[in-house]
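Residue numbers (the UniProt record's numbering): 1 to 142.
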């Protein structure tokens, strides 16, 4: 999930957007957060995600008041860049998440290494199952 950059090589210039899991890992590795928002390990290396499009977070938020029948906003966030793709939706379902991931993320970036959410583990498991079913057996590699 992470690479450890060499301090002699210039690091990313954009402020990172870390997930809760990434924050926990950084703390376990006794990293400290620098003033620019990057986690710095005790040996002065940066803790950074491996690449754009590898780790996505999924979240819903309620739209108040609903607009044109859309009650929720589905946000898909790339944790490496902090880039957000947001979609108005009528219901919070795994099928909507699977559809948007397939159409908007997987078609552009390929399969993510990690999909995270503050929803239940069962929710994410259903998302992965839906993606696997949609892609079929040809997508599975041993």
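Where is the CB? At the ideal position from N, CA and C, for every residue including glycine. Predicted model only: the values in this text are computed from it and were never measured.
**Prompt:** CA-CA distance, residue 110 and residue 53?
**Reply:** Straight-line spacing of the CA atoms in residue 110 and residue 53 works out to 8 Å.
**Message:** So, with DSSP's three-state summary, where would you put residue 100?
**Reply:** helix
**Asked** Do you know how far the Cα of residue 35 is from the Cα of residue 176?
**Response** Absent from the structure is residue 176, since the part of the chain shown begins at 1 and ends at 142.
**Item:** Ordered list of beta strand (DSSP E) runs contained in the segment 47–93, each at least 3 residues
**Value:** 55–67, 70–78, 84–89
**Message:** For residue 15 and residue 135, what's the separation of their Cα atoms in angstroms?
**Reply:** 34 Å
**Request:** Rounded to whole angstroms, what's the CA-CA distance from residue 83 to residue 31? Just pull it up for me.
**Result:** Put simply, the backbone Cα of residue 83 is about 24 Å away from that of residue 31.
**Request:** Label residue 26 either buried or exposed according to how many other C-beta atoms from any shown protein chain fall within 10 Å of its C-beta, with 16 as the threshold for buried.
**Result:** buried
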